[in-house]
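The opening residue of the sequence shown carries number 0 in numbering that gives the first Met the number 0; numbering runs sequentially from there.
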Amino acid sequence: MSTTPTRAKRRRQVRIASKLKVPLPPQLQRVNLNAAGIDIGSEEHWAAVPPGRDCEGQDVRRFGAFSGDLCALADWLQRCEIETVAMESTGVYWIALYELLVERGFEVLLVDARRVRNVPGRKTDVLDCQWLQELHTYGLLRGAFRPADQVCVLRSYLRQRSMLVAYASIISSICKKRWSR
């Protein structure tokens, strides 16, 4: 049985989320007027832009996790005139989208999911992306550490090397067992 909500349930979540607005203190200043929030998932990503930015009236949209879907998400953000994006760093699913958005010229803020999740009342992906967008608009998010590109490349080589060494040791032990018979 699939745990993915039906389309009707997702539409209901979007409608309910758009009606729930908590009044904010008047002393808060909007810092990032062109900010978006993205909730990252393994199968789908939910993105929210400021109200009124989408020409079709959909301030929250769902995108898949494949390359074509990620490009569609980046195109949609460009059409909505978004300059900066806040997204949760969930597992490894954020990496492809992060690299694509940086390549397209967006300022991307990678947020630690544990810090954002401490706020009660947000149970759906729709509410999560809207909450990220709202917090980022007011400048209340701090980005997680992201090393320089050269360090990331070096880390990927080291990971690949350690994987190859592990495979070689497994193959070596299998061959030794077969030859010792």
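Every residue gets a Cβ at the ideal spot worked out from N, C-alpha and C, and that includes glycine.
Pair within 8 angstroms by beta-carbon distance, residue i and residue j
{"i": "A34", "j": "T89", "result": "no"}
{"i": "A85", "j": "V110", "result": "yes"}
{"i": "C128", "j": "I37", "result": "yes"}
{"i": "W45", "j": "V59", "result": "yes"}
{"i": "T136", "j": "P49", "result": "yes"}
{"i": "R52", "j": "E87", "result": "no"}
Rounded separation between residue i and residue j - CA only
{"i": "V101", "j": "V107", "result": "7 angstroms"}
{"i": "Q159", "j": "P25", "result": "51 angstroms"}
{"i": "N31", "j": "G104", "result": "16 angstroms"}
{"i": "M0", "j": "L126", "result": "At M0, the pLDDT of 49 sits below 50, so the modelled position is not reliable; the number obtained from the coordinates is stated separately. Cα to Cα, the separation comes out at about 25 angstroms."}
{"i": "K176", "j": "F65", "result": "42 angstroms"}
{"i": "L140", "j": "Y92", "result": "20 angstroms"}
{"i": "E43", "j": "W178", "result": "49 angstroms"}
{"i": "I169", "j": "L157", "result": "18 angstroms"}
{"i": "S172", "j": "V152", "result": "31 angstroms"}
{"i": "C70", "j": "V150", "result": "26 angstroms"}
Cβ-heavy atom distance, residue i to the ligand NAD, below 7 angstroms
{"i": "A167", "result": "Ligands in the displayed structure: none, and consequently the ligand NAD is not present."}
Among the options, nearest to residue i - alpha-carbon criterion
{"i": "L99", "options": "L72, I81, D111, Q28", "result": "L72"}
{"i": "G142", "options": "C151, L131, Y156, G63", "result": "L131"}
{"i": "I94", "options": "E80, S41, G138, I81", "result": "S41"}
{"i": "C54", "options": "R78, Y166, Y156, I170", "result": "R78"}
{"i": "Y97", "options": "G67, V125, I39, R154", "result": "I39"}
{"i": "G56", "options": "F62, A64, A47", "result": "A47"}
{"i": "Q28", "options": "L69, L134, G63", "result": "L134"}
Below-8 angstroms beta-carbon distance, residue i vs any chain B residue
{"i": "F65", "result": "Absence of chain B from the displayed structure is noted, only one protein chain being present."}
Quiz item: In chain order, which continuous runs of the alpha helix (DSSP H) of length 4 or greater are located wholly inside the region 70-142?
Solution: The qualifying runs are 93-102, 112-115, 124-136.
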